[in-house]
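A.B. asks:
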Amino acid sequence: MNNIVIKQCEPVEDIQKIAKEIFGIDLSISGGWGYDENSATVIDKLEMPMDQFTNIFATIRANIEMNITLDDENRYSAINITLIDSKETKINNKTYTVVSFKITAINELLYKDFIKEYKEGYGKKEFDLAEHFKKREENTIVRNIDYWFLGLQ
Numbered sequence: 001m002n003n004i005v006i007k008q009c010e011p012v013e014d015i016q017k018i019a020k021e022i023f024g025i026d027l028s029i030s031g032g033w034g035y036d037e038n039s040a041t042v043i044d045k046l047e048m049p050m051d052q053f054t055n056i057f058a059t060i061r062a063n064i065e066m067n068i069t070l071d072d073e074n075r076y077s078a079i080n081i082t083l084i085d086s087k088e089t090k091i092n093n094k095t096y097t098v099v100s101f102k103i104t105a106i107n108e109l110l111y112k113d114f115i116k117e118y119k120e121g122y123g124k125k126e127f128d129l130a131e132h133f134k135k136r137e138e139n140t141i142v143r144n145i146d147y148w149f150l151g152l153q
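Residue numbers (my numbering): 1 to 153.
(1) Going by the beta-carbon positions, is the gap between Ser172 and Glu108 smaller than 7 Å?
(2) Between the Cα of Lys90 and the Cα atoms of Ala19, Ile29, Asp36, which residue gives the shortest distance?
(3) So which of Asn38, Ile103, Ile68 has the shortest CA-CA distance to Leu150?
(4) Could you check where the beta strand (DSSP E) with Arg61 kicks off and where it finishes?
(5) So the candidates are Ile22, Ile15, Leu46, Val99; which of them puts its Cα closest to the Cα of Gly32?
(6) State the DSSP-derived secondary structure class of Trp107, mapped to helix, strand or coil.
Below is the structure:
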């Protein structure tokens with residue numbers, strides 16, 4: 001597997017439109033991708049519980065960074081988002097909510113091989129399920145990422 005550098009999403013004029021067009025999700029947002037206070041995602045209207053919103057947005061950004069914008073050999077699948085922490089930070093009289101997530105994923109080509117191996121081997125005496133999941137875990141990358149939001153207070 002090639003070493004991969006996961007790049008930040010490019011700034012866009014209408015982040016709400018991207019969420020709708022690519023993922024079919026209506027989010028009342030503007031601003032940036034939330035990498036820091038300068039590119040914070042602005043919550044114009046929160047139409048669901050905060051934890052649900054932040055999870056959806058983190059999933060959108062991770063899928064763009066780790067799958068959609070990469071070539072076939074470097075794409076990731078099995079992208080999972082787990083909340084680590086959420087805290088408020090005040091900068092220049094603005095209160096930001098910084099949400100930290102653990103993101104795990106497996107190279108898409110390897111993941112397809114793992115799925116095939118599992119389907120073909122499951123239930124067979126010679127299939128070592130523990131070894132299978134050990135190999136999957138060894139091939140899983142882990143990222144701890146912060147997302148900056150305005151308007152969640």
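Where a beta carbon is used, it is the ideal one built from N, C-alpha and C, also for glycine.
No experiment lies behind these values; they were computed from the predicted model shown.
C.D. replies: The relevant details are as follows:
(1) Nothing about residue 172 can be reported from this structure: the residues present for the chain run from 1 to 153 only.
(2) The residue labelled residue 90 in the question sits at position 90 within the sequence shown. Checking every option, the nearest Cα to that of Lys90 belongs to Asp36.
(3) Taking the first residue of the sequence shown as 1, we reach residue 150 at position 150. Checking every option, the nearest Cα to that of Leu150 belongs to Asn38.
(4) In the sequence shown, residue 61 corresponds to position 61, counting from 1. Arg61 -> not in any beta strand (DSSP E); alpha helix (DSSP H) instead, spanning 50-63.
(5) For the purposes of this step, residue 32 is identified with residue 32 of the sequence shown, where counting begins at 1. Comparing Cα-Cα distances from Gly32 to each of Ile22, Ile15, Leu46, Val99, the minimum goes to Ile15.
(6) Numbered from 1 along the sequence shown, position 107 holds the residue referred to as residue 107. For the sequence presented, residue 107 should be read as Asn rather than Trp. Looking at Asn107 - three-state DSSP - the assignment turns out to be strand.
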